[in-house]
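Participant: Below is one structure. I have some questions about it.
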Amino acid sequence: MFWLWATLYVLFFFQISAIFTTVYLHRAATHKALTLNPVVELLMRAELWLYTGIVTREWVAVHRKHHHFTDVPGDPHSPYIEGLWEIIIGNPWYYKREAGHKETIERYAKDIPRRWYDRLFLDNGLLGIVLGLGLTMGFVRWLNPGHAWWYAPALGLGLYLAQGILYILANALINGACHALGYKNFSNTATNLRWVAWLSAGEGLHNNHHQFPSAGKLSMRKTEVDLGWPVIRLLRKLSLAQVKPLPEAAIARQSAEIGQIPELAAEEVTS
Ligand SMILES: [Zn+2]
Ligand SMILES: [Zn+2]
């Protein structure tokens, strides 16, 4: 029983963070493919703050710089420049290195507002991590009352680290493997890896994304699964998100020009 709820807790928060990262941090905040209802946005931000410690302005700036200098000098995390294993293992370090450059944040995240709750709470990633860790320990204690005093802190730390490591690994695979391994629909330096897309709510379809960064939907082929897209569609249905129209004409034209997506169907890009 213990392993069941422990595994569910880890997988749940890993996947929730992955979905909120792609929907909020990546597609909404960075590329403006959609606008979220402010309450939904704040909930996503709070979860990411507690379980990843990510600061929105930093993530947005580092990622925009990655698009600006993709796989050329200046890219914060390119496997072509640093090496594939260096990115897969050291991705958090490369991210932190770039996020620490004040001029990167000032140049690439000008439009991200800094409100009072950012200054007080959300800009402090370490505070988020400490609180998230405390919540996890509290959850273990609530589920298992009556154990020795060390049980909840030790187990809570283990669960929190496990979900964090899975999240870090998924992001490292996107920044590393999805620029080096896998297949391409379009001629840019990024690649698609279907299994990474399953782990990361669609982010593994990175070749598609680099071709159409402002598209809210990352899948192009019928066999490509973007779990972030149904979430966005649901939010749109509930009037909690406004989604920018997909660049259907450009997608169809480029697909035809390249001739690499023969099965690309009209409903795939218009849904
Ligand atoms: Zn990339
Ligand atoms: Zn992007």
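With this note's numbering, the residue at position 155 of the sequence shown is 158, and numbering never jumps. From the three backbone atoms N, C-alpha and C, an ideal C-beta is built for every residue, glycine too.
If distances are taken between C-alpha atoms only, which option among Gly56, Leu169, His70 and His80 comes closest to Val13?
Facilitator: Leu169
Participant: With a threshold of 8 Å, are at least 3 pairs of Cβ atoms found where one atom belongs to the stretch 145-158 and the other to the stretch 90-106?
Facilitator: no
Participant: Which residue comes first and which comes last in the beta strand (DSSP E) that contains Leu39?
Facilitator: Leu37 to Leu39
Participant: What residue ranges within the stretch 38-90 form continuous alpha helix (DSSP H) runs of no fewer than 4 residues, ordered along the chain?
Facilitator: 41-55, 59-71 and 82-85
Participant: Taking all protein chains shown into account, do 16 or more other C-beta atoms lie within 10 angstroms of the C-beta of Pro76, making it buried, or fewer, making it exposed?
Facilitator: exposed
Participant: Exposed or buried, what is Asn147 when buried is set at 16 or more other beta-carbons lying within 10 Å of its beta-carbon?
Facilitator: exposed
Participant: By the three-class DSSP mapping on this structure, what secondary structure does Leu176 have?
Facilitator: Note: Leu176 maps to helix in three-state DSSP.
Participant: Which residues are close to ligand 2, meaning CB closer than 6 Å to any heavy atom, in chain order?
Facilitator: His29, Thr33, His34, His66, His70, His212 and Pro216
Participant: Just checking my contact of Val143 with Gly131 at CB under 8 Å: how many whole Å lie between their CB atoms?
Facilitator: That pair is no contact at about 19 Å.
Participant: Quick one: using the 10 Å Cβ neighbour count with 16 as the cut-off for buried, is Leu125 buried or exposed?
Facilitator: By the neighbour-count rule (16 or more Cβ atoms within 10 Å), Leu125 is buried.
Participant: Leaving out the 5 sequence neighbours to the left and right, which residues in its chain are closer than 6 Å to Arg239 when beta-carbon positions are compared?
Facilitator: Val246
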